[in-house]
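Engineer: Mind looking over this structure? Questions follow.
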Amino acid sequence: MSAITLHLPILIVLIPFVAAYLLPVISYFIEGWARRITLIAVGGTLLSALMLLAEVAASGPVTYHLSGIAPPLGIAFETDYLGITISVVILAIGLLTILYAQDPITEIGGRKTVFFYTAILLAVGAMQGIVICADIFTLFILLEILAIAMYGLVALGGDGRGLLAGYKYLLIGSAGSAFILIGIGFLYISTGTLNMQLMAEILPPISSSWTVLAGIALLIAGLSTKTGLFPLHIWMPDAYAYAPSIAPVISTLALKAGLVALIRIIYTVSGPVITVDQVPLQSILALLGALAIVVCSIMAIRQIDIRKMFAYSSGANIGCVVLGMSIGTLAGLEGAILLIITHALAKACLFLCADVLLIQAGIRTIFQFRGLGQTMPYTMGAFSMAAISIIGIPLSGGFMSKVYVANAAIDSGLWIYAGTILFWTLLTALYFFRIINSAYFDEPDQRTRPHDPRRMNLIPIMTLAVASILIGFLVEIPMDLIRPAAMLLLPGGGI
Amino acid sequence: MNYLDPGFILGHYNYWVSIVLIMIGLYAMIAKRNLIKKFIGLNIIETAIFLFYISLGDVEGGVAPIFPKDAIDLSQETILYANPLPSAMMLTAIVVTLCMTALALSFAVLIYRQYGTLDARRLMEEL
Numbered sequence: 092m093s094a095i096t097l098h099l100p101i102l103i104v105l106i107p108f109v110a111a112y113l114l115p116v117i118s119y120f121i122e123g124w125a126r127r128i129t130l131i132a133v134g135g136t137l138l139s140a141l142m143l144l145a146e147v148a149a150s151g152p153v154t155y156h157l158s159g160i161a162p163p164l165g166i167a168f169e170t171d172y173l174g175i176t177i178s179v180v181i182l183a184i185g186l187l188t189i190l191y192a193q194d195p196i197t198e199i200g201g202r203k204t205v206f207f208y209t210a211i212l213l214a215v216g217a218m219q220g221i222v223i224c225a226d227i228f229t230l231f232i233l234l235e236i237l238a239i240a241m242y243g244l245v246a247l248g249g250d251g252r253g254l255l256a257g258y259k260y261l262l263i264g265s266a267g268s269a270f271i272l273i274g275i276g277f278l279y280i281s282t283g284t285l286n287m288q289l290m291a292e293i294l295p296p297i298s299s300s301w302t303v304l305a306g307i308a309l310l311i312a313g314l315s316t317k318t319g320l321f322p323l324h325i326w327m328p329d330a331y332a333y334a335p336s337i338a339p340v341i342s343t344l345a346l347k348a349g350l351v352a353l354i355r356i357i358y359t360v361s362g363p364v365i366t367v368d369q370v371p372l373q374s375i376l377a378l379l380g381a382l383a384i385v386v387c388s389i390m391a392i393r394q395i396d397i398r399k400m401f402a403y404s405s406g407a408n409i410g411c412v413v414l415g416m417s418i419g420t421l422a423g424l425e426g427a428i429l430l431i432i433t434h435a436l437a438k439a440c441l442f443l444c445a446d447v448l449l450i451q452a453g454i455r456t457i458f459q460f461r462g463l464g465q466t467m468p469y470t471m472g473a474f475s476m477a478a479i480s481i482i483g484i485p486l487s488g489g490f491m492s493k494v495y496v497a498n499a500a501i502d503s504g505l506w507i508y509a510g511t512i513l514f515w516t517l518l519t520a521l522y523f524f525r526i527i528n529s530a531y532f533d534e535p536d537q538r539t540r541p542h543d544p545r546r547m548n549l550i551p552i553m554t555l556a557v558a559s560i561l562i563g564f565l566v567e568i569p570m571d572l573i574r575p576a577a578m579l580l581l582p583g584g585g586i
Numbered sequence: 012m013n014y015l016d017p018g019f020i021l022g023h024y025n026y027w028v029s030i031v032l033i034m035i036g037l038y039a040m041i042a043k044r045n046l047i048k049k050f051i052g053l054n055i056i057e058t059a060i061f062l063f064y065i066s067l068g069d070v071e072g073g074v075a076p077i078f079p080k081d082a083i084d085l086s087q088e089t090i091l092y093a094n095p096l097p098s099a100m101m102l103t104a105i106v107v108t109l110c111m112t113a114l115a116l117s118f119a120v121l122i123y124r125q126y127g128t129l130d131a132r133r134l135m136e137e138l
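Keeping their order, the protein sequence lines are chains A and B. FYI, the numbering for the first sequence is 92 to 586, going by our numbering. FYI, the numbering for the second sequence is 12 to 138, going by our numbering.
In structure tokens, the structure reads:
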């Protein structure tokens, strides 16, 4: 390994952070470069992440010790299959999203554009750190950086409602952070270390202590606010509905980083506690996941605002990810990780479509889709493809991941959860098909003549839409990385 | 260990204080209607967590973990040091809390300018 490849794990965290600090300084002297600098930084990070992915795929997980000091004294970054896969997905979607972003962003005005892109860079850097870090306190700090960037992004929304949504998000998120901090304190004082691997080695003999159990419970409760797991999803609809431009996509990606952190806490840190069956953590989480699926889907049907509808749909998908990973079998975990990827692709595409519809035609509600299939064929095409993936129509990306989770549930004898997933598919089809139906089979409104955006804006959307379908056909490509990731996480290599 | 032993309860008074403070903070966050008061509640929780962590780091009879370079007294081999790591972690957490507070207060200022009120119940009707 050359000097550069040796330091790749820290580079993918540092490049966005350094760019985030430089961006306001550069923008002070040269105006109008904010988006280009962001593109270059995220592109460079993606390149590093791809190099790291090649390295990990060739020779296994790469561990990086900050300043060369090994744990327990130093801070470690562990780039395993799960971390690097999600990292590449987040960066690729992030890059496409920034490519799509209209410059200047009409909603938020000129001077705030610099702040907007700074927050995006901070969020991207923090997400990279969250998915690969192996130190529980570093995880907390990175979650906070991500949270601050997200609060700022949401509050930038055009009218005052963005601010209100941001404040609501901030209150709930900060309470979650406080819980995470107490949980870390409990685990630290029980084990004497902050490193996740070392913690997992020390935990089994003391796993019956109330301190450890309370610590893990607090950590999971805190992370639930960050990932929007039912019933702590209540900030999501408002935050998504009033966030400006591409901010909902970044928020979707942030949820995925939080889910990776949750998987790490459950499998890497508290895995030993689960295996000795001290608490029915798995059944509690699976139940929460199933409840999230049902309640959020029903709420989604009742929404009129499309972005709120998408937010509740995200809530249901997060429920399914949690359900998949709490079944505790290899197939369940694989399905959960695949669902993180497919849902990120499809939901990013949907939010970009929602932004296009808002800018080109002023559409915010589900009643305004009349005849859009004729007037905006490409946008509605992408919208329909992403919707197909979210619904889980056979052979799309969403279908494959749902099949994995449902199979895992059936294999473990949990028929009710397989039924929940089927029911969820029907509910999702219900609320997406009424939009698609109205778009393709109703006559267009003659008074307004909306049209597709410029080709530069269309290409990222179409790429995401095609990817969200194609991943179902080419499921073996991500599976090559997801399978070792799941095996590495499960105790005993998943056998 | 008997959890009802008065010595045990009194010996951990700083933990009790931090639990009581967390409860007060949670109450303020849930019950108060003013956005700034809600955030003050959160600040109380964070302060209670700092107290909790600093109590974790304390070792009975321990001294500050500073190694006196010029005065090495090797006869005192059993010198006890307090654990510096929780305090170091709290330094970082204080910075994080400061950022959050600054962000929340600036949001509150902007919300007040826009709506002329900080009453959470009335503001949430706007959403």
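C-beta atoms are modelled at their ideal positions from N, C-alpha and C, and glycine is treated no differently. Predicted model only: the values in this text are computed from it and were never measured.
What does a CB cutoff of less than 7 Å around Ala422 of chain A pick up in its chain, not counting 5 residues either side in sequence?
Structural biologist: Numbered from 1 along the first sequence, position 331 holds the residue referred to as residue 422 of chain A. Excluding residues within five positions, the ones whose Cβ falls inside 7 Å are Tyr495, Asn498, Ala499 and Asp502.
Engineer: Less than 8 Å between C-beta atoms, sequence neighbours within five positions excluded: which residues of the same chain meet that for Ile275 of chain A?
Structural biologist: Residue 275 of chain A sits at position 184 when you count from the first residue of the first sequence. If we look at Ile275 of chain A and ignore the five residues flanking it on each side, its Cβ neighbours are Ile227, Phe228, Phe231, Leu285, Gly306 and Leu310.
Engineer: Are there 16 or more other CB atoms within 10 angstroms of the CB of Val120 of chain B, so buried, or fewer, so exposed?
Structural biologist: As a working note, residue 120 of chain B is residue 109 in the second sequence. Classification for Val120 of chain B: exposed.
Engineer: Could you check which residue in B:Phe78, B:Leu21, B:Gly127 and B:Ile33 has the C-alpha nearest to that of Phe61 of chain B?
Structural biologist: Taking the second sequence and counting its residues from 1, one reaches residue 61 of chain B at position 50. It is B:Ile33.
Engineer: Along the chain, where does the beta strand (DSSP E) that runs through His156 of chain A open and close?
Structural biologist: As a first step, residue 156 of chain A must be located in the first sequence, where it is residue number 65. Taken as a continuous stretch (DSSP letters only), the beta strand (DSSP E) holding His156 of chain A covers Val153 to His156.
Engineer: Who are the Cβ neighbours of Ala161 of chain A in its own chain at under 8 Å, not counting the five residues just before and after it?
Structural biologist: Mapped onto the first sequence, residue 161 of chain A falls at position 70. Answer for Ala161 of chain A: Ala167, listed in chain order.
Engineer: If the cut is a Cβ gap below 7 Å, which residues of chain A does Glu71 of chain B touch?
Structural biologist: Mapped onto the second sequence, residue 71 of chain B falls at position 60. Simply none; closest approach about 15 Å.
Engineer: Who are the near neighbours of Asn548 of chain A in its chain, counting only those whose CB is closer than 6 Å to its CB and skipping five residues on each side?
Structural biologist: Translated into the one-based positions of the first sequence, residue 548 of chain A becomes position 457. Excluding sequence neighbours, Asn548 of chain A sits near Tyr191.
Engineer: What residue from A:Thr359, A:Leu262, A:Val205 and A:Leu144 has the CA that sits closest to Ile121 of chain A's CA?
Structural biologist: Position 30 of the first sequence holds residue 121 of chain A. Of the candidates A:Thr359, A:Leu262, A:Val205 and A:Leu144, the one whose C-alpha sits nearest the C-alpha of Ile121 of chain A is A:Val205.
Engineer: Which residue wins for smallest C-alpha separation from Ala210 of chain A, given the options A:Leu463, A:Val385 and A:Leu113?
Structural biologist: Against the first sequence, residue 210 of chain A aligns to sequence position 119. With distances taken between Cα atoms, Ala210 of chain A lies closest to A:Leu113.
Engineer: Please classify Thr456 of chain A: does DSSP put it in a helix, a strand, or coil?
Structural biologist: Residue 456 of chain A sits at position 365 when you count from the first residue of the first sequence. In this structure, Thr456 of chain A counts as strand in the three-state DSSP scheme.
Engineer: Please classify Pro575 of chain A: is it buried, with 16 or more other beta-carbons within 10 angstroms of its beta-carbon, or exposed?
Structural biologist: Your numbering for residue 575 of chain A matches position 484 in the first sequence. Buried, since its Cβ has 16 or more Cβ neighbours within 10 Å.
Engineer: Per the DSSP calculation, Asp396 of chain A is bridged to which residue(s)?
Structural biologist: Walking along the first sequence from the start, residue 396 of chain A turns up at place 305. According to DSSP, which records beta bridges pairwise, Asp396 of chain A is partnered with A:Thr456.
Engineer: Rounded to the nearest angstrom, what separates Leu53 of chain B and Ala104 of chain B at their Cα positions?
Structural biologist: As a first step, residue 53 of chain B must be located in the second sequence, where it is residue number 42. As a first step, residue 104 of chain B must be located in the second sequence, where it is residue number 93. One C-alpha to the other measures close to 13 Å.
Engineer: Pairing CB atoms from the stretch 433-440 of chain A with CB atoms from the stretch 342-353 of chain A, are three or more of them under 8 Å?
Structural biologist: Because the criterion of three Cβ pairs below 8 Å is met, the stretch 433-440 of chain A and the stretch 342-353 of chain A touch.
Engineer: How would you call Gln394 of chain A, buried or exposed, if buried means at least 16 neighbouring beta carbons within 10 angstroms?
Structural biologist: If you number the first sequence from 1, residue 394 of chain A lands on position 303. With 16 or more other Cβ atoms within 10 Å, it is buried.
Engineer: Distance cutoff 7 Å, beta carbons only. Does Ile273 of chain A sit that close to anything in chain B?
Structural biologist: Residue mapping note: residue 273 of chain A aligns to position 182 of the first sequence, counting from 1. Yes, Ile273 of chain A lies at the interface with chain B (some Cβ there is under 7 Å from its Cβ).
Engineer: List, from N- to C-terminal side, the alpha helix (DSSP H) runs of 4 residues or more that fit wholly inside the stretch 456-500 of chain A.
Structural biologist: Taking only runs of at least 4 residues, the alpha helix (DSSP H) segments lying wholly in the stretch 456-500 of chain A are 463-466 and 468-482.
Engineer: Nearest to Ala145 of chain A by alpha carbon, out of A:Val116, A:Gly165, A:Gly123 and A:Asp171?
Structural biologist: Residue 145 of chain A sits at position 54 when you count from the first residue of the first sequence. If we check each option's Cα against that of Ala145 of chain A, A:Asp171 comes out closest.
Engineer: Per DSSP, what kind of secondary structure is Val74 of chain B in: helix, strand or coil?
Structural biologist: Residue 74 of chain B sits at position 63 when you count from the first residue of the second sequence. Strand.
Engineer: Would Leu255 of chain A count as contacting chain B if we go by Cβ distances under 7 Å?
Structural biologist: Walking along the first sequence from the start, residue 255 of chain A turns up at place 164. Leu255 of chain A counts as touching chain B.
Engineer: Taking the alpha carbon of Ala148 of chain A as the point to measure from, which residue in A:Leu173, A:Leu517 and A:Ile482 has its own alpha carbon closest?
Structural biologist: If you number the first sequence from 1, residue 148 of chain A lands on position 57. The shortest Cα separation from Ala148 of chain A among A:Leu173, A:Leu517 and A:Ile482 belongs to A:Leu173.
Engineer: At 7 Å on the CB atoms, spell out the chain A contacts of Tyr92 of chain B, in chain order.
Structural biologist: Along the second sequence, one-based indexing puts residue 92 of chain B at 81. Under the 7 Å cutoff, chain A gives no residues; its nearest Cβ is about 14 Å from Tyr92 of chain B.
Engineer: Output the distance between the C-alpha atoms of Gly584 of chain A and Trp27 of chain B, rounded to the nearest integer angstrom.
Structural biologist: Here residue 584 of chain A refers to the residue found at position 493 when the first sequence is read from its first residue. Here residue 27 of chain B refers to the residue found at position 16 when the second sequence is read from its first residue. Note that Gly584 of chain A scores a pLDDT of 49, beneath 50, so its modelled location is shaky; the value from the coordinates is reported in the next line. The alpha-carbon atoms of Gly584 of chain A and Trp27 of chain B are separated by roughly 42 Å.
Engineer: Do you know how far the Cα of Ile428 of chain A is from the Cα of Ile106 of chain A?
Structural biologist: Here residue 106 of chain A is taken as the residue at index 15 of the first sequence, counted from 1. Here residue 428 of chain A is taken as the residue at index 337 of the first sequence, counted from 1. Their backbone Cα atoms lie some 26 Å apart in a straight line.
Engineer: Please name the residue, chosen from A:Gly563, A:Ile409, A:Met400 and A:Ile454, that lies closest to Ile479 of chain A on a Cα-to-Cα basis.
Structural biologist: As a working note, residue 479 of chain A is residue 388 in the first sequence. The shortest C-alpha separation from Ile479 of chain A is found at A:Gly563.
Engineer: Any C-beta of chain B sitting closer than 7 Å to the C-beta of Val367 of chain A?
Structural biologist: Residue numbering aside, residue 367 of chain A sits at position 276 when the first sequence is read from its first letter. With a pLDDT of only 48 at Val367 of chain A, under 50, the local geometry of the prediction cannot be trusted, and the value read off the model is given with reservation. With 7 Å as the cut-off, Val367 of chain A does not count as an interface residue toward chain B.
Engineer: List the residues of chain B that Asp396 of chain A touches, going by C-beta distances under 7 Å, in chain order.
Structural biologist: Numbered from its first residue, the first sequence carries residue 396 of chain A at position 305. Under the 7 Å cutoff, chain B gives no residues; its nearest Cβ is about 11 Å from Asp396 of chain A.
Engineer: Would you please state the rounded distance, in angstroms, between the beta carbons of Gly380 of chain A and Gly426 of chain A? I believe it to be under 8 Å.
Structural biologist: For the purposes of this step, residue 380 of chain A is taken as the residue at position 289 of the first sequence. For the purposes of this step, residue 426 of chain A is taken as the residue at position 335 of the first sequence. Gly380 of chain A to Gly426 of chain A, Cβ: 12 Å. No contact.
Engineer: Quick one: list the residues of chain A neighbouring Ala115 of chain B, beta-carbon separation under 9 Å, in chain order.
Structural biologist: Translated into the one-based positions of the second sequence, residue 115 of chain B becomes position 104. The contacting residues are Tyr242, Tyr258, Leu261, Leu262 and Ser265.
Engineer: Can you tell me the Cα-Cα spacing of Ser404 of chain A and Tyr531 of chain A, whole angstroms?
Structural biologist: The residue you call residue 404 of chain A lines up with position 313 of the first sequence. The residue you call residue 531 of chain A lines up with position 440 of the first sequence. The alpha-carbon atoms of Ser404 of chain A and Tyr531 of chain A are separated by roughly 22 Å.
Engineer: Interface residues of chain B around Phe228 of chain A at Cβ under 7 Å?
Structural biologist: Stepping through the first sequence from its first residue, residue 228 of chain A is reached at position 137. Going along chain B in sequence order, the residues near Phe228 of chain A (Cβ under 7 Å) are Met100.
Engineer: Which of the three DSSP states is assigned to Ile586 of chain A in this structure?
Structural biologist: By 1-based counting over the first sequence, the position of residue 586 of chain A is 495. At Ile586 of chain A the pLDDT is 42, less than 50, meaning the model places this residue with poor confidence and gives no usable figure here.
Engineer: Let's see if you can read the secondary structure: which residues bound the beta strand (DSSP E) around Thr170 of chain A?
Structural biologist: The residue labelled residue 170 of chain A in the question sits at position 79 within the first sequence. Taken as a continuous stretch (DSSP letters only), the beta strand (DSSP E) holding Thr170 of chain A covers Ala167 to Thr170.
Engineer: Starting from Ser139 of chain A, trace the alpha helix (DSSP H) in both directions and tell me its first and last residue.
Structural biologist: Sequence index remark: in the first sequence, residue 139 of chain A carries index 48 (1-based). Run containing Ser139 of chain A: Ala125 to Ser150, per the alpha helix (DSSP H) assignment.
Engineer: List the whole-angstrom C-beta distance separating Ala225 of chain A from Met287 of chain A, where the pair is believed to meet the contact cut-off of C-beta under 8 Å.
Structural biologist: One-based indexing of the first sequence puts residue 225 of chain A at position 134. One-based indexing of the first sequence puts residue 287 of chain A at position 196. That belief holds up - the Cβ atoms of Ala225 of chain A and Met287 of chain A are roughly 5 Å apart, short of 8 Å.
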